[in-house]
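Peer 1: Residues in the sequence shown are numbered consecutively from 167, following the numbering used here. We put the beta carbon where it would ideally sit given N, CA and C, even for glycine.
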Amino acid sequence: MKFFIDTANLEQIKEAQDMGILDGVTTNPSLMAKEGITGQENIMNHYRAICEIVDGDVSAEVISTDFEGMVKEGEALAAMNPKIVVKIPMIAEGVKAIKYFSNKGIKTNCTLIFSAGQALLAAKAGATYVSPFIGRLDDISTNGLQLIEQIRLIFDNYGYNTEILAASVRHAMHIIECAEIGADVMTGPLSAIKALLNHPLTDKGLAQFLADHAKGN
Ligand code: E4P
Numbered sequence: 167m168k169f170f171i172d173t174a175n176l177e178q179i180k181e182a183q184d185m186g187i188l189d190g191v192t193t194n195p196s197l198m199a200k201e202g203i204t205g206q207e208n209i210m211n212h213y214r215a216i217c218e219i220v221d222g223d224v225s226a227e228v229i230s231t232d233f234e235g236m237v238k239e240g241e242a243l244a245a246m247n248p249k250i251v252v253k254i255p256m257i258a259e260g261v262k263a264i265k266y267f268s269n270k271g272i273k274t275n276c277t278l279i280f281s282a283g284q285a286l287l288a289a290k291a292g293a294t295y296v297s298p299f300i301g302r303l304d305d306i307s308t309n310g311l312q313l314i315e316q317i318r319l320i321f322d323n324y325g326y327n328t329e330i331l332a333a334s335v336r337h338a339m340h341i342i343e344c345a346e347i348g349a350d351v352m353t354g355p356l357s358a359i360k361a362l363l364n365h366p367l368t369d370k371g372l373a374q375f376l377a378d379h380a381k382g383n
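(1) Tell me which residue opens and which closes the beta strand (DSSP E) that A226 is part of.
(2) Excluding the five sequence neighbours on either side, which residues of its own chain have a C-beta within less than 6 Å of the C-beta of K180, listed in chain order?
(3) Using beta-carbon positions only, say whether Y266 and V228 come within less than 9 Å of one another.
(4) According to the Cβ coordinates, are G260 and T231 closer than 9 Å?
(5) Which term fits M339, buried or exposed, when burial requires 16 or more other beta carbons within 10 angstroms of its beta carbon?
(6) For T353 and A377, I'd like the C-alpha separation in whole angstroms.
(7) Would you check if the distance between the CB atom of L243 and the CB atom of S297 is smaller than 9 Å?
(8) Does the contact criterion of 3 or more C-beta pairs under 8 Å hold for the stretch 245-257 versus the stretch 267-275?
(9) Helix, strand or coil for G190? Go by DSSP, reduced to three states.
(10) Helix, strand or coil: which one does DSSP assign to I203?
(11) Check whether the Cβ of N275 lies closer than 8 Å to any heavy atom of ligand 1, and answer yes or no.
(12) How would you label I392, buried or exposed, when you count the other beta carbons within 10 angstroms and need 16 or more for buried?
(13) Using a 10 Å radius around the Cβ and a threshold of 16 neighbouring Cβ atoms, would you call L363 buried or exposed?
(14) In whole angstroms, what separates the C-alpha of N211 from that of A174?
(15) Please list the terminal residues of the continuous beta strand (DSSP E) segment that includes I254.
(16) Which two residues bound the contiguous alpha helix (DSSP H) that contains L287?
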């Protein structure tokens with residue numbers, strides 16, 4: 167399973183990249199705003215900075231909600247760096263835009279997926295990735311992981327190449343369960359990724375090994 171980090175924070179992106187486990191980055195307008203990045207020029211420069219840090223795909227979201235606007239924005243984003251994946255919302259105009267970019271060989275990530283039907287539509291339009299938001303479903307007492315299972319079954323039934331990018335990941339168990347189900351990618355905060363490191367028996371065992379080694383010196 168590929169690991170993407172879901173942030174626009176350059177320090178956190180660097181930290182994950184330095185760990186050697188990072189396959190890409192996802193961002194959205196809220197994550198950009200959280201880092202204080204506003205204005206089109208600053209946003210574009212920030213994407214450039216992210217692309218310099220990571221080796222893999224970098225999702226950059228369009229703001230337009232009409233087909234022409236999405237195409238214009240998406241083409242400008244894609245022209246900036248080959249790592250850019252144009253992130254497009256799951257709306258009718260977005261599906262048209264995904265089809266347009268797919269025909270041009272430009273990668274897309276269909277965002278704000280909350281149902282299997284939406285994922286199926288995005289896959290039919292040729293999306294590179296679909297992003298089901300599992301944490302936001304859990305937040306409203308709906309099982310987000312069941313949606314990942316449903317989409318996995320549908321995509322496997324028909325051999326869709328569209329990758330399932332489990333998004334809105336909140337904690338380590340989301341990551342582990344996504345891997346069990348067979349999500350192609352997960353995107354989450356650095357805290358969830360680093361939480362995978364932790365086990366008290368590892369800490370205890372290491373302390374014991376070091377103490378025993380010290381006895382012989
Ligand atoms: C996906 O690409 C989104 O940026 C993201 O995963 C949303 O997560 P949130 O629900 O934690 O905001």
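Peer 2: According to the structure shown:
(1) Position 60 of the sequence shown holds residue 226. Following the DSSP letters along the chain, one finds A226 inside the beta strand (DSSP E) bounded by residues D223 to E227.
(2) Taking the sequence shown and counting its residues from 1, the one referred to as residue 180 is at position 14. Closer than 6 Å at Cβ, skipping near neighbours: I219.
(3) Locating residue 266 in the sequence shown gives position 100, counting from the first residue. Locating residue 228 in the sequence shown gives position 62, counting from the first residue. Not a contact, by the Cβ cut-off of 9 Å.
(4) Counting from one through the sequence shown, the residue named residue 260 turns up at place 94. Counting from one through the sequence shown, the residue named residue 231 turns up at place 65. Yes, the pair counts as a contact, with Cβ atoms nearer than the cut-off.
(5) In the sequence shown, counting from the first residue as 1, residue 339 sits at position 173. M339 should be labelled exposed.
(6) One-based indexing of the sequence shown puts residue 353 at position 187. One-based indexing of the sequence shown puts residue 377 at position 211. C-alpha separation (whole angstroms): 38 Å.
(7) As a working note, residue 243 is residue 77 in the sequence shown. As a working note, residue 297 is residue 131 in the sequence shown. Taking the C-beta atoms as reference points, S297 is found no nearer than 9 Å to L243.
(8) yes
(9) Your numbering for residue 190 matches position 24 in the sequence shown. The answer is strand: DSSP assigns G190 an E or B state.
(10) The residue given as residue 203 occupies position 37 in the sequence shown. Coil.
(11) Your numbering for residue 275 matches position 109 in the sequence shown. Yes; taking the cut-off as 8 Å, the Cβ of N275 has a heavy atom of ligand 1 nearer than that.
(12) Because residue 392 is not part of the residues shown, which for the chain are 167 to 383, the question remains open.
(13) As a first step, residue 363 is located in the sequence shown; it is residue number 197 there, counting from the start. Answer is exposed; the Cβ neighbour count stays below 16.
(14) As a first step, residue 211 must be located in the sequence shown, where it is residue number 45. As a first step, residue 174 must be located in the sequence shown, where it is residue number 8. Here the alpha carbon of N211 sits roughly 12 Å from the alpha carbon of A174.
(15) To locate residue 254, count along the sequence shown from 1; it is residue 88. First-last of the beta strand (DSSP E) with I254: I250 to P255.
(16) Taking the first residue of the sequence shown as position 1, residue 287 is located at position 121. Where L287 is concerned, the enclosing alpha helix (DSSP H) stretches over A282 to K290.
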